[in-house]
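Residue numbers (the numbering used here): 6 to 88. For every residue, glycine included, the Cβ atom is placed at its ideal position computed from N, Cα and C. Here is the structure we will look at, set down as structure tokens.
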């Protein structure tokens, strides 16, 4: 599964776009991988893989993730924005 697919599936499960998760994490001042994974699993019902992908997006930043995990292209505004 591609990194983008993890983000898209997390959005389908929660209704929250990747950009939305970035914003929520910033509001809650969550910056550590472990605390992010716990929050995503407990408050949003995500599985470990999806929570880990979003936690990496938050901790490393979209530019890093795009360059290292998404062949330079990462869609943060949600599935509907690409339709």
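{"Asked": "Cβ-Cβ distance between residue 60 and residue 42 below 8 Å", "Found": "yes"}
{"Asked": "Environment of residue 13 [buried if 16+ CB atoms lie within 10 Å]", "Found": "buried"}
{"Asked": "Rounded separation between residue 81 and residue 52 - CA only", "Found": "20 Å"}
{"Asked": "Residues of its chain near residue 8, where Cβ-Cβ distance is below 7 Å and the 5 sequence neighbours each way are ignored", "Found": "58, 70, 74 and 75"}
{"Asked": "Alpha helix (DSSP H) segment containing residue 30, residue limits", "Found": "23-32"}
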